[in-house]
Amino acid sequence: MPTAHPPAWPERLWIVRHGESAGNVARDAAHAAGAPRIAVGTRDVDVPLSPRGEEQARALGRWFARGEAHGRPEVLLASPYARAMETARLFREQGGTAIPEEPICPDERLREKEFGILDGLTTSGIVTLQPEQAEFRRLLGKFYHRPPGGESWCDVIFRLRSLMDTVGLHYGGRRVMIVAHQVVVLCLRYVIERMSEAEILGIDREGDVANCSVTEYRYDPDKGRYGGLALVRYNETAPVEESAVAVTAEPDRSAGVRG
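Numbered by our numbering, the letters in the sequence shown go through residues -10 to 248 in order.
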């Protein structure tokens, strides 16, 4: 008699970008002033949500609590960065999870893309202060360019493949939410949907991933030979649109260029 194998995919997977952060606000101010650097006097990992970002996270939790998202997560994974952990906490506080006190599991593989020497520079600041890196990035493209001390998109993808192995091993058949960052959302799409560089960069060019937007997958037993995750929606902003707070979709504060 064949041995039954545990499911290798979550029943449902939601991927959420954190709410608007103080870094997003500072980035806009730096660009408006034509400044080369973004004025945030703390480590990127410690940048908090803005007041608007806090309300976006609460609105997301209320949206899930009302049953608008095909269920509520049983497992809550988050980047250890303050803005992602706070988004997850406020989401849970508003009844977004299936279990009221569901632990938030930080996973460093979900952290923001590391920008290294370009950290905190605006687009003009990169050209002015790091012209050699600006040229390398132009030649290689953001998918492969790795600034000194930082990561390329490929580096992020490498750690996310490991993360998805963990999700399959420990949370197969369950409802899982991931709270992370813009580049992480895009790179998870690349991994899950087996995209090419051109395909994921084409999606990226269409626009930023909105703060507290929802990307959702469901398990489809007929997808591929052994089943797989099928995309239900991408960059869904309904949770925020239905609240009194504005939808925001600024690039992350770490560098003037998106990822």
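Think of the CB as a built atom: it goes at the ideal place given N, C-alpha and C, for glycine as much as any other residue. Quantities reported herein were computed from a predicted structural model and do not represent experimental measurements.
Are residue i and residue j close, meaning C-beta to C-beta below 8 Å?
i, j, result
"Val145", "Leu66", "no"
"Trp142", "Val174", "no"
"Pro136", "Asp197", "no"
"Val34", "Pro69", "yes"
"Glu43", "Gly12", "no"
"Arg98", "Leu152", "yes"
"Val180", "Leu149", "yes"
"Gln83", "Arg47", "yes"
"Pro40", "Thr117", "no"
"Gly60", "Phe104", "no"
"Pro120", "Glu75", "no"
"Ile27", "Ala21", "no"
"Glu63", "Arg207", "no"
"His134", "Phe125", "yes"
"Arg222", "Val203", "yes"
"Cys201", "Val14", "no"
Where does residue i fall in DSSP's three states?
i, result
"Gly139", "strand"
"Trp3", "strand"
"Trp(-2)", "coil"
"Thr117", "helix"
"Arg214", "coil"
"Thr112", "helix"
"Asn200", "coil"
"Glu225", "strand"
"Ile189", "helix"
"Pro40", "helix"
"Ala261", "There is no way to answer for residue 261, as the model of the chain reaches only from -10 to 248."
"Ala238", "coil"
"Ile93", "strand"
"Glu9", "coil"
"Glu195", "coil"
"Glu231", "coil"
"Ala219", "strand"
Taking its Cβ as the centre, do 16 or more other Cβ atoms sit within 10 Å of residue i, making it buried, or is it exposed?
i, result
"Ala160", "Ala is not the amino acid found at residue 160; the sequence shown has Tyr there. So Tyr160 counts as buried."
"Gly114", "buried"
"Lys102", "buried"
"Asp249", "The structure shown does not extend to residue 249, since the chain is modelled only from -10 through 248, so no value can be given for it."
"Arg247", "Summary for Arg247: the model assigns pLDDT 44, below 50, so the residue's position carries little reliability, and this model does not support an answer."
"Arg183", "exposed"
"Glu231", "exposed"
"Thr272", "For the chain, the structure presents residues -10 to 248; residue 272 sits outside this window and is missing."
"Leu110", "buried"
"Arg1", "buried"
"Ala77", "buried"
Sorry if obvious, but does the Cβ on residue i come closer than 7 Å to a heavy atom of the ligand NAP?
i, result
"Arg163", "With respect to small molecules bound, the structure shown includes none, and the ligand NAP cannot be examined in it."
Every unbroken alpha helix (DSSP H) inside the region 125 to 184 [4 residues or more] | 142 to 160, 171 to 181
Count the CB pairs spanning the region 49 to 56 and the region 88 to 102 that are closer than 8 Å, and state whether there are at least three.
-> no
Note down, one range per segment and in chain order, each alpha helix (DSSP H) of at least 4 residues found wholly within the region 43 to 83.
-> 71 to 82
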